[in-house]
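Trainee:
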Amino acid sequence: MGRFAGHPSAGAEEGQGERMLVNGAVITGKGAAKGRTTEEIEQIRSILRGRFDDLNAEYETALAENHKLRLVEIGDAAGDDQADSGSKTAERDAATSLLRTLLDRRTQAEHAMQRLDDGTYGNCEGCSNPIPVERLEVFPSATSCVHCKSNRERRAS
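FYI, in the UniProt record's numbering the residues of the sequence shown are 1 to 157.
What follows is the structure, given as structure tokens:
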């Protein structure tokens, strides 16, 4: 979505660990949320809120399109052959999958905002180590570091 643009923060203060400026908000090392100013938290919250709002709008649009698709399908089913029926099923499955994906991403953004309120945003839920800023730039709703995420995926497969 292009909301994050990372830039190293020059002159990190001693004892605060790594600091990086992400779209105007400072992300710090371990215990990152506790070291943030109110302004930084509000900047991150604004970014996450924007992401949530974008996803919510996309979800609502997809929901309306899905509803239209179902209405057309109900009124236009007479005389369908197997190919027509299969195409409609594939369209319905794709629309349902999109809705699930958007709802999941919206929930992740909501969870990230809650973690920001709790003071745990930016730290891995698995090991409590800081999530690399580069990962947060790409996926602001990330709840795990790359190591914990890959371990979970390996166990799942």
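Cβ atoms here follow ideal geometry from the backbone N, Cα and C, with glycine treated the same way.
These figures come from a predicted structure and were not determined experimentally.
Is any beta-carbon of chain B found at less than 7 Å from that of Asn151?
Mentor: The structure shown has no chain B; it contains just one protein chain.
Trainee: Is Ile27 helix, strand or coil by DSSP?
Mentor: Residue confidence for Ile27 is low, a pLDDT of 47 falling below 50, so the modelled location carries little weight; the figure read from the coordinates is stated next. Correct three-state label for Ile27: strand.
Trainee: Determine contact between the stretch 100-116 and the stretch 127-141, defined as no fewer than three beta-carbon pairs at a distance below 8 Å.
Mentor: yes
Trainee: With a threshold of 6 Å on Cβ separation, who are the neighbours of Arg135 within its own chain once the five nearest residues in sequence on each side are excluded?
Mentor: Result list for Arg135: Ala142, in chain order.
Trainee: According to DSSP, is Asn123 helix, strand or coil?
Mentor: strand
Trainee: Does the separation of the CB atoms of Cys145 and Ile131 fall below 7 Å?
Mentor: yes
Trainee: For Pro130, which beta-bridge partners are listed by DSSP?
Mentor: Answer is Asn123, bridged to Pro130.
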